[in-house]
Each structure stands twice: as C-alpha cells, then as structure tokens.
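Remarks on the structure that follows.
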Amino acid sequence: MSVADDLAYGAEKAAVAIAAPKAAVVGRVSLAVHVVLWAAVLAFCLVPLLLVLIISFGHKVEGAGWEWALTLENYKRFFVGANWPAESTSLYLGQLYWSMRYAVSAALLAIVTALPFTYLMTRQSRRAQAVWLVFLLATVSLSEVFSVMGWDIILSNNSGLPMLFAASGLTDWLKETGWFDVLRDWGLANPRNVKFKPSEVATVLTLSYLVWPYAVILLYPALSRLDPSLAEAARTMGAGPWTVARTVILPSVRLPLIGTTLLLFVFLLGAYVAITVFADPSQHTTAVSVYEHVRGSTLNAPFGAAQSVILLVTATAFLLLGQWLTRKAARPS
Amino acid sequence: MCALALKDIRKTYGDARAVDDVSINFPQGELTALLGPSGCGKTTLLRMIAGLEVPTAGTINLGGRDITRLPAHRRKFGMVFQSFALFPHLTVRENVGYALTIAGTPKAEVVARANKLLDLVQLKGFGDRQIGQLSGGQRQRVAIARALAQEPEVFLLDEPMSALDAKLREEMQVELRLLQQRLGITTIVVTHDQREAMTMADRIVVMAKGRVEQAGSPQEIYQWPATGFVAGFIGRANFMDGLAENGKIRVGDVALALPKPANFVNGASVQLACRPEAIRLDAAESVNRVQGTITFVRDLGPVRDLHLDTPIGKLVAEQGADQGRNHRLGDTVYLTLPPEALRIYPRVPAELQTGMDAK
Chain A
17 MSVADDLAYG AEKAAVAIAA PKAAVVGRVS LAVHVVLWAA VLAFCLVPLL LVLIISFGHK
77 VEGAGWEWAL TLENYKRFFV GANWPAESTS LYLGQLYWSM RYAVSAALLA IVTALPFTYL
137 MTRQSRRAQA VWLVFLLATV SLSEVFSVMG WDIILSNNSG LPMLFAASGL TDWLKETGWF
197 DVLRDWGLAN PRNVKFKPSE VATVLTLSYL VWPYAVILLY PALSRLDPSL AEAARTMGAG
257 PWTVARTVIL PSVRLPLIGT TLLLFVFLLG AYVAITVFAD PSQHTTAVSV YEHVRGSTLN
317 APFGAAQSVI LLVTATAFLL LGQWLTRKAA RPS
Chain B
376 MCALALKDIR KTYGDARAVD DVSINFPQGE LTALLGPSGC GKTTLLRMIA GLEVPTAGTI
436 NLGGRDITRL PAHRRKFGMV FQSFALFPHL TVRENVGYAL TIAGTPKAEV VARANKLLDL
496 VQLKGFGDRQ IGQLSGGQRQ RVAIARALAQ EPEVFLLDEP MSALDAKLRE EMQVELRLLQ
556 QRLGITTIVV THDQREAMTM ADRIVVMAKG RVEQAGSPQE IYQWPATGFV AGFIGRANFM
616 DGLAENGKIR VGDVALALPK PANFVNGASV QLACRPEAIR LDAAESVNRV QGTITFVRDL
676 GPVRDLHLDT PIGKLVAEQG ADQGRNHRLG DTVYLTLPPE ALRIYPRVPA ELQTGMDAK
C-alpha cells in the first residue's frame, strides 16, 4: 500500500467513524461536519493553490505590480527566456535542474544512512527505541533556520572545520600528500585552506541532515515490523551479514524505501534556507528564485507563481512515478 | 554414533539462567524432541545449536569438531522457524533454492533441486506461487523443503506445528516423522506439546527451568517419569503427598503398598503419582483399595474421566467407555491403585525448591 493509499484509507476510516452514529440528528451533525471539513479544505488548500495558478498567467507591469491577464509569457520565460526567439536562456531550467539534483542527492544520502541506523535501532530494547524516537522527533521540531545556522558555524571558513584543519596541521598534511589539489578540483579548497562554503557537498550534507529524522521516522514502522526470524533463517542457510542485508532486508522493505525516498525528495524540492547559505549563486534552485521574484528585488509575482506551478508539477510527476514504481514492485513477479 | 554433543551448556541473561548446565548427546539419524513448558529454555538451547546465540559456557561438538563459536551461516544447520520465516518477496521455488542461490550454484541446478525438494514435501507444481497464496500447512512444507535444500548435517525445528490447526498438526507430525526416517537425518524438534513429542521422537528430552529433567524413549518417559515434574508434564497424573512408614506410604489415614518396600526412612516426606488410566474401579483386589464418591463425570467419547473424592484426596480415574457399569454422579465406588502403577518421588518442600532454582 502506498503512502497516498494509506492516507486515503485513513480518511475513509475517519469518515466512517464520523458517519457511524445512528439517529437522524447525528446524521445532520455528520453532514455539518462534512460541510465544515470540505469548506476548510477549499479555503486553506485549494483556493491558495488556484490563486497561484491564476497569478502565474498574470502580467507584470514594469515598475509597478501586476495585473490579471491570460498570458503564457511567464512560462515562456521559464523554458526559453523572455526574449525568445531573438535570444534564449536556460537559466531557469538550470535552476530546476539544481533543485532536482540537490533533492535527489540529499534524499539518497539520508536514506542510505538512515536505513542501517533505523534497522539497528529496531533491534534495540523497546525502551531504547522510544528514547531514540523521542529524540528524533525533538530534532524535527527545530526550525530549518536554526539547523542551518549550526551547520553554517561548523563549516564556516574562519571559525569552523577549515580553521580546525589549518590549526591541527591537517591542511599541511593534505598539501604534502597531494590530496589538497584533489579537493581544489572538487571545489572544496581555496589556495590557502579547505573550504566548504559555498559548495555542493555542504549543501547536500545540510539538506540531508534536515530530512534525516523524517527518513528514520518513515522507515521505522516497516523495519520494526520486519520479522527478525527472516534474517535468522537466512543466516542458518549460509548467508553472511551482507548477504542477509542484500537478499532479505532490502527486498522486504523496498516499498517503504521507495515511498520514503520520494517524500524526502518532494520535501527537499522546496528547501530554501540551506541553499541560500551553502550553494553557489550559480547553483541556486527554483525555490530560491521563486522567493526572489515574489518577495525580492524584482517583485514579479506572476513569474514567481509560474515557477511555483512548474515545481509543483515536477513534484507531482515524481509522486506519480513513485506510485507506478510501488505498484510495479508490489506486483508478483 | 553420536552426531551432535552438548556439554555443560549454559546461557545466562543478566542474573537469569535460561539454560543451566545442559549436556545432551544427539545420536546420528535420530529424531530428538526437546520438550518442556514455555520458558524452560528449550528454544534458547535450539538457537545455540543453530549458532544464533552464543552459549555463556560449555561446548557444542559436531562429529568430533568443536563448533561452539562457529557463526550460524558457517554451520548451515537447516532450521524451520515457528513463524516459518519464509521470504515474502520470493516465490516458493526461490525460497526453497535460497541456500543454493546465495552459495552461487548455477541456476538450472538450483531449479532442479528445488523442484525435487518440492516433490519430496508433496508440493509439486507450486514452485511459481507466491508465499501469500499458500495455506499454513503448505507454508510449513515449503519451510521444511527450504531447510533441507543445503543437505544439512542437523535439521532443527522450533515449534514447527504451533501455527497449524489441530487436525493438520497431527497429520503433519506423522508426515514429518516419515520424511525424517526416509532421509535418516539427525533432527531436533522443540515442542511444548507432549503428544507431538510422543508421535515423532525416538528420544525425548524433558526440560524445566533451564535444566534437563529426563531423557529417554517416549515409553520410558511415560512409564517411568524420573521426577514428579515429568510425571505431571507428560500425560496426566494424580499426585498424593505422603509419609514413608515401614516400607509403605501413608496418605491421610491410608497406608499404600508398593511393589517392593520403599527405600525411604520412616517419616520421610514423599510424593506419589498414579496415572488416571491405572486406577481400577470395583476390582477384586483388596490391596490399596479405597472408597470414593464420584463428583464429576467427563465423557470424552472413547474414554470417560471420573473425578472422585477419596480419603487420600481428589483423584481422576480414566475408564474406557465400555468398561464396567455406567457410573453416575454421586455414586460411591471402590477404587484400587495397583502398587506397580505407583511412582514415588522425594517431596521437596516449597521453600527448598525455590532455593534450588536460584542456585
């Protein structure tokens, strides 16, 4: 069952629970509850979304705000540039590419590290598991700004790890062994010392840190339900630890694994703070561009809205792809 | 010949001793049942044999080789788990061929061998099914076939019947026993069901509180239980507390005779056990004869249980349905406890018993 199915099932159950009571009065009450629920969904979800969609077809008035219109100029600007066909630019497509590249790398990094951690966690005592889960939920409640600030300090060139590298002589050692040049090639060093800001490594690291607790919490139910005797059975048949992981544990949790990766990916498409702090401006993402156009110097709300719609469509496309993959994986081979 | 030998095996979790100084020899080609109530350490013992747990002390010897610390995947003892532990992401054939596949056996060979094994457990033609499409009994057969695929030296089964319904369980017990005899493979079955152990085993090892209470053939254990615990756990028994008195045992006001004078000093506290089916009603003998009132009749079809109030305590007597006259509730009857059917055990006072457990 996919996450979306799960949610639908939950909603259905909730609806049944609300509708279940018997008398006509209760029936009327449940109708009222339905009306209120749907009104809330409309007011808080659908209307803002529709507004963004409508504004994305609006027209920007130079030196002023924007006016209602039905123009495709914002979409044209995104895909080929405003002055097409005279000249074309792939600036905004490039930003979408970076959005996806960061989101994919960070989601994969988080999953790859969270999976073994969560597996080992589920083999602990109930008490230890509870402590870990509470701790992880607590870190989730930290704001993105706060976490990014922490990483900013750790990775900053003057007071963080690079300073530690220089002071401890690690930088000199790297220069002697030739690794320093390799790091320079990777954009992780300036002529004098290692540097992490700006860099893709720091961006992906921070992004994956942000979603890591979600990865653990999303993988936890599936892994804790995994019957330990499956792994033990494999061991009695000659499977070493790696073979057990590859042939038993991974295939058993492939559905939640796909689902979790997709959720993290979609969540990361909208990341903003970490990108502005750690990514090189030439590698900024669509989310950053949306903010700059809506709130920043240009005040071009229609173009910002168009970019939002494109980001949303991208996310939806990936969720549908995930659904398809999940169904394919669930189907008996 | 002895295939597998456990010597002084102990397993402790903190202060608790799950398995306490157990030494058992498992003869080649025989089926041994580890029998005991839940929590007696039988599953822990089996897991140590499989290599899934490491003993705190003691050695495990396989054909002269010390394998105490050999990890499970190097032992390759086929094991059937209580939950069967079939891989839901693989088909029946892939499950059965798992051990061979990960060992790098060519695919055609794996398929051929898996098919042969499925044939052996009467699941011909089920190879392409998903595990979810199988019934409980079929799953168990797959689990057995899968455990046998690597031709293990020792075949281990942990409560293999507990997930099956009563009728299927009896059928599978017979079937598993026939399969084991055909293959001649050294087998260890963990069970808490004495009927299951009696049906399948060449030898039964009765365990309680981490220790071996008795090991022997099913009939030995049933006829000559070594301890009061075994007498109570295997089959049913009437227990009576008494005192040794001039070679007889005094229970209440009645002195019960034994086949030969009891080897206890006068006044020693003892426990007598007598199987319900050994008690005879309205028999001619006058030895060990007491009067009793029927307080309850439990008619089970082939046999009837009579619950009796007697001067030596409450007793249960099992009668064949066609045996004697039709006893009714409230009737007064004379019952005889044949001396040769009485088993006598030293009675350990409760406070001493707990002292021994903690040791």
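Protein sequence lines, in the order shown, are assigned to chains A and B.
Take any residue in the first sequence, count from 1 to its spot, add 16: that is its number in our numbering.
Take any residue in the second sequence, count from 1 to its spot, add 375: that is its number in our numbering.
Backbone N, C-alpha and C fix where the C-beta goes; we use that ideal spot for every residue, glycine too.
Small disclaimer: the values here were computed from a predicted structure and weren't measured.
- [ ] Have a look at A/Pro272, A/Ser157, A/Val325 and flag the residue whose alpha-carbon is nearest the alpha-carbon of A/Leu88.
- [x] Looking up residue 88 of chain A in the first sequence gives position 72. The residue with the shortest Cα to Cα distance from A/Leu88 is A/Val325.
Task: A/Ala24 (DSSP reduced to helix, strand or coil) - done: Translated into the one-based positions of the first sequence, residue 24 of chain A becomes position 8. Summary for A/Ala24: the model assigns pLDDT 46, below 50, so the residue's position carries little reliability; its value from the coordinates is reported in the next sentence. In this structure, A/Ala24 counts as helix in the three-state DSSP scheme.
Task: Range covered by the alpha helix (DSSP H) that runs through A/Gln339 - done: Numbered from 1 along the first sequence, position 323 holds the residue referred to as residue 339 of chain A. Taken as a continuous stretch (DSSP letters only), the alpha helix (DSSP H) holding A/Gln339 covers 317-346.
Open item on the list: Less than 6 Å between C-beta atoms, sequence neighbours within five positions excluded: which residues of the same chain meet that for B/Leu427?
Closed with: Reading the second sequence from its first residue, position 52 is the one you call residue 427 of chain B. If we look at B/Leu427 and ignore the five residues flanking it on each side, its Cβ neighbours are Ala447.
Open item on the list: Does B/Tyr388 come out as helix, strand or coil in the three-state DSSP assignment?
Closed with: Within the second sequence, the letter at position 13 stands for residue 388 of chain B. Here B/Tyr388 sits in strand by DSSP.
- [ ] Give a yes or no on whether 8 Å exceeds the smallest Cβ distance from A/Pro272 to chain B.
- [x] As a first step, residue 272 of chain A must be located in the first sequence, where it is residue number 256. Not closer than 8 Å to any Cβ of chain B, the Cβ of A/Pro272 fails to qualify, so no.
TODO: Answer with buried or exposed for B/Val394, where buried requires no fewer than 16 other C-beta atoms within 10 angstroms of its C-beta.
DONE: By one-based count along the second sequence, residue 394 of chain B stands at place 19. Its Cβ being crowded by 16 or more others within 10 Å, B/Val394 is buried.
- [ ] Work out the CA separation of B/Ala522 and B/Phe456 for me, nearest whole Å.
- [x] As a first step, residue 456 of chain B must be located in the second sequence, where it is residue number 81. As a first step, residue 522 of chain B must be located in the second sequence, where it is residue number 147. Each residue's alpha carbon lies about 10 Å from the other.
Task: Start and end residues, alpha helix (DSSP H) containing B/His448 - done: Numbered from its first residue, the second sequence carries residue 448 of chain B at position 73. First-last of the alpha helix (DSSP H) with B/His448: 447-450.
Open item on the list: Using C-beta distances below 7 Å, list every residue in its chain close to A/Leu109, excluding the 5 sequence neighbours before and after it, in chain order.
Closed with: Within the first sequence, numbered from 1, the residue matching residue 109 of chain A stands at position 93. Here the set comprises Phe95.
- [ ] For A/His237, go through chain B and note every residue whose CB falls closer than 7 Å to its CB, in chain order.
- [x] Here the question's residue 237 of chain A lines up with position 221 in the first sequence. The displayed chain sequence assigns Pro, not His, to residue 237 of chain A. Those do not exist, as A/Pro237 stays about 16 Å from chain B at its closest Cβ, beyond 7 Å.
TODO: State the DSSP-derived secondary structure class of A/Asn209, mapped to helix, strand or coil.
DONE: Within the first sequence, numbered from 1, the residue matching residue 209 of chain A stands at position 193. In this structure, A/Asn209 counts as coil in the three-state DSSP scheme.
- [ ] Count the other CB atoms, across all protein chains shown, that sit within 10 Å of the CB of B/Lys734; report buried if there are 16 or more and exposed otherwise.
- [x] As a working mapping, residue 734 of chain B is identified with position 359 in the second sequence. Interpretation of B/Lys734 is limited by its pLDDT of 32, a score under 50 that renders its predicted location unreliable; the figure taken from the coordinates is listed afterwards. Classification of B/Lys734: exposed, given that the 10 Å Cβ count is below 16.
Open item on the list: Let me see if you follow: with CB-CB separation under 8 Å, is B/Met731 close to chain A or not?
Closed with: The residue given as residue 731 of chain B occupies position 356 in the second sequence. Note that B/Met731 scores 39 on pLDDT, short of 50, meaning its location in the model is unreliable; the coordinates nonetheless yield the value given after this. B/Met731 does not count as touching chain A.
Open item on the list: Taking the straight line between their C-alpha atoms, what separation do you get for B/Tyr709 and B/Leu683?
Closed with: Taking the first residue of the second sequence as position 1, residue 709 of chain B is located at position 334. Taking the first residue of the second sequence as position 1, residue 683 of chain B is located at position 308. Distance between the alpha carbons of B/Tyr709 and B/Leu683: 10 Å.
Task: Residues that B/Lys451 contacts on chain A, provided the C-beta gap is smaller than 8 Å - done: Counting from one through the second sequence, the residue named residue 451 of chain B turns up at place 76. The contacting residues are Thr252, Met253, Gly254.
Open item on the list: I'd like to know whether the C-beta of A/Glu160 is nearer than 8 Å to at least one C-beta of chain B.
Closed with: Reading the first sequence from its first residue, position 144 is the one you call residue 160 of chain A. Not closer than 8 Å to any Cβ of chain B, the Cβ of A/Glu160 fails to qualify, so no.
Task: Where A/Val32 sits in the DSSP three-state scheme - done: If you number the first sequence from 1, residue 32 of chain A lands on position 16. Bear in mind that a pLDDT of 47 at A/Val32, under 50, signals an unreliable position, so the number given afterwards is only what the model happens to contain. A/Val32 falls in the helix class under three-state DSSP.
Open item on the list: Counting only C-beta atoms, is B/Ala478 closer than 8 Å to chain A at any point?
Closed with: Here residue 478 of chain B is taken as the residue at index 103 of the second sequence, counted from 1. Yes, B/Ala478 counts as interfacial toward chain A.
Open item on the list: List, in chain order, every chain A residue whose beta-carbon is nearer than 8 Å to that of B/Ala460.
Closed with: Within the second sequence, residue 460 of chain B is the residue found at index 85, counting from 1. The contacting residues are Asp243, Ser245, Leu246, Glu248, Ala249.
- [ ] Could you give the DSSP three-state label for B/Ala583: helix, strand or coil?
- [x] Working through the second sequence from its first residue, we reach residue 583 of chain B at position 208. Correct three-state label for B/Ala583: strand.
Task: the region 74-91 of chain A touching the region 311-326 of chain A, judged by at least three CB pairs closer than 8 Å - done: yes
Task: Length-filtered (3 minimum) beta strand (DSSP E) runs lying within the region 82-139 of chain A - done: none
Open item on the list: Using the Cβ count rule (16 or more neighbours within 10 Å means buried), how would you classify A/Phe294?
Closed with: For the purposes of this step, residue 294 of chain A is taken as the residue at position 278 of the first sequence. By the neighbour-count rule (16 or more Cβ atoms within 10 Å), A/Phe294 is buried.
Task: Backbone CA spacing between B/Lys451 and A/Met253 [nearest angstrom] - done: Numbered from its first residue, the second sequence carries residue 451 of chain B at position 76. Numbered from its first residue, the first sequence carries residue 253 of chain A at position 237. About 5 Å.
- [ ] Taking all protein chains shown into account, decide if A/Asn99 is buried (16 or more other Cβ within 10 angstroms of its Cβ) or exposed.
- [x] The residue you call residue 99 of chain A lines up with position 83 of the first sequence. Per the 10 Å Cβ criterion, exposed.
Task: Proximity winner among B/Asn621, B/Gly627, B/Gly642, relative to B/Lys635 (alpha-carbon distances) - done: Here residue 635 of chain B refers to the residue found at position 260 when the second sequence is read from its first residue. Checked all of B/Asn621, B/Gly627, B/Gly642; the closest Cα to B/Lys635 is B/Asn621.
TODO: Answer yes or no: do A/Leu284 and A/Tyr113 have a C-beta to C-beta separation smaller than 8 Å?
DONE: Along the first sequence, one-based indexing puts residue 284 of chain A at 268. Along the first sequence, one-based indexing puts residue 113 of chain A at 97. No, the Cβ-Cβ distance between A/Leu284 and A/Tyr113 is not below 8 Å.
Task: Range of the contiguous alpha helix (DSSP H) that encloses A/Phe196 - done: To locate residue 196 of chain A, count along the first sequence from 1; it is residue 180. Unbroken alpha helix (DSSP H) run through A/Phe196: 195-201.
Task: Proximity to B/Ala520 [Cα-Cα], best of B/Asn663, B/Leu495, B/Arg504, B/Cys649 - done: Here residue 520 of chain B is taken as the residue at index 145 of the second sequence, counted from 1. Comparing Cα positions, the closest option is B/Leu495.
Open item on the list: Once the 5 residues before and after B/Asn436 are set aside, which same chain residues still bring their CB inside 6 Å of it?
Closed with: Locating residue 436 of chain B in the second sequence gives position 61, where the first residue counts as 1. Once the five neighbours on either side are set aside, the close Cβ partners of B/Asn436 are Ala380.
Open item on the list: Classify A/Trp340: buried if its beta carbon has 16 or more other beta carbons within 10 angstroms, exposed otherwise.
Closed with: Residue mapping note: residue 340 of chain A aligns to position 324 of the first sequence, counting from 1. Exposed, since its Cβ has fewer than 16 Cβ neighbours within 10 Å.
TODO: Grab me the residues of A/Ser268's own chain with a C-beta within less than 7 Å of its C-beta, minus the 5 sequence neighbours each way, in chain order.
DONE: Position 252 of the first sequence, counted from the first residue, corresponds to residue 268 of chain A. Counting only Cβ-Cβ distances below 7 Å, and skipping sequence neighbours, we find Leu242, Leu246.
Task: Three CB pairs or more closer than 8 Å across the region 644-652 of chain B and the region 603-623 of chain B - done: yes
TODO: Tell me, please, which residues DSSP counts as bridged to B/Thr431.
DONE: Numbered from 1 along the second sequence, position 56 holds the residue referred to as residue 431 of chain B. Beta-bridge pairing links B/Thr431 to no other residue.
- [ ] Can you tell me which of the three DSSP states B/Arg722 falls into?
- [x] Along the second sequence, read from residue 1 onward, the residue named residue 722 of chain B stands at position 347. B/Arg722: coil per DSSP, three-state reduction.
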